[in-house]
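In what follows, a single structure is set out as structure tokens and then discussed.
Residue numbers (our numbering): 8 to 255.
What follows is the structure, encoded as structure tokens:
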């Protein structure tokens, strides 16, 4: 598969994507808060970090606000997102947050970043291997943390979503953690820790069933002692996990 061409086919700027990225400036997602807690020790110990697929940089701004001694760069392929994010960050006085247009599939070689993060992006790319290899060979960070849709077993699913009413097409892929582990090992990295993201609030089911939108459903665990919230978007179960990858 030509990952670069496939990514170009669906990457665009529209009002729904804009709303998704900008609402976090005032109301950070629970997943962003959990991700920050998951890697707080690495954020504090790093000099400069780049966020790949950052959109308008709202989640990056949350990290930058929590870790003012660390410099952050919000990077995205869509220049309109970055322009909006720059204006918001300037108004909020975030001096440790910069913005940069960058193509994840054709990254320049640099050693300026000791850490890389990516929130809710990998599963929306056509496949995982080339994006990971780009990070490992072009940026060569000490660590790389990401949150996306993952499965603990050795099964990956390529899920192409087609919203017939809107005409939108995009991916909701679920990648096998063992496959990610193999790619890491081939390039001198290893998965240091993983954690499933379990949301702590209820999300209502959207009224519009013709568009993807995350909601929760409560289920009782096998022991019947606790309640688990499943996250669903449209017809798809969303197995969110957080991964911390480190140089071996």
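C-beta: ideal position from N, C-alpha, C; glycine also.
Proximity winner among the options, relative to residue i (alpha-carbon distances)
i: residue 47; options: 151, 136, 88 and 117; result: 151
i: residue 105; options: 147, 122 and 57; result: 57
i: residue 132; options: 122, 110 and 189; result: 110
i: residue 244; options: 234, 229, 219 and 233; result: 219
i: residue 190; options: 252, 66, 229 and 60; result: 252
i: residue 123; options: 43, 176 and 233; result: 43
i: residue 40; options: 161, 51 and 66; result: 66
i: residue 239; options: 229, 233, 249 and 221; result: 221
i: residue 149; options: 50, 249, 64 and 30; result: 50
Alpha carbon of residue i to alpha carbon of residue j, nearest angstrom
i: residue 178; j: residue 54; result: 33 Å
i: residue 193; j: residue 35; result: 35 Å
i: residue 263; j: residue 246; result: Residue 263 is absent from the model: the chain starts at 8 and stops at 255.
i: residue 254; j: residue 212; result: 41 Å
i: residue 164; j: residue 187; result: 13 Å
i: residue 75; j: residue 120; result: 16 Å
i: residue 93; j: residue 216; result: 34 Å
i: residue 78; j: residue 227; result: 43 Å
i: residue 241; j: residue 172; result: 13 Å
i: residue 166; j: residue 180; result: 5 Å
i: residue 201; j: residue 168; result: 27 Å
i: residue 161; j: residue 97; result: 44 Å
i: residue 176; j: residue 170; result: 6 Å
i: residue 99; j: residue 45; result: 25 Å
i: residue 7; j: residue 174; result: In the structure displayed, the chain extends from 8 to 255; residue 7 sits before or after that span and is not available.
i: residue 229; j: residue 214; result: 31 Å
i: residue 116; j: residue 233; result: 48 Å
Min CB distance residue i to chain C below 7 Å
i: residue 49; result: Judged by its chain identifiers, the structure shown contains no chain C, having just a single protein chain.
Neighbourhood of residue i by C-beta, 8 Å cutoff - its chain only, sequence neighbours within 5 removed
i: residue 38; result: 126, 127, 154, 204, 206 and 247
i: residue 101; result: 68, 71 and 72
i: residue 209; result: 223, 225 and 236
i: residue 114; result: 141, 142, 145 and 146
i: residue 86; result: 108
Cβ neighbours of residue i in the same chain (closer than 6 Å, five flanking residues each side left out)
i: residue 95; result: 32
i: residue 182; result: 135, 157 and 163
i: residue 80; result: 57, 105 and 107
For residue i: DSSP bridge partner residues
i: residue 222; result: 239
i: residue 108; result: 83
Sequence-distant residues of the same chain with beta carbon closer than 7 Å to residue i, five excluded per side
i: residue 147; result: 118
i: residue 60; result: 83, 111, 125 and 128
Evaluate contact between the stretch 135–147 and the stretch 185–201, counting only Cβ atoms and requiring at least three cross-stretch pairs below 8 Å. Pairwise C-beta distances place the stretch 135–147 in contact with the stretch 185–201, as three or more of them are shorter than 8 Å.
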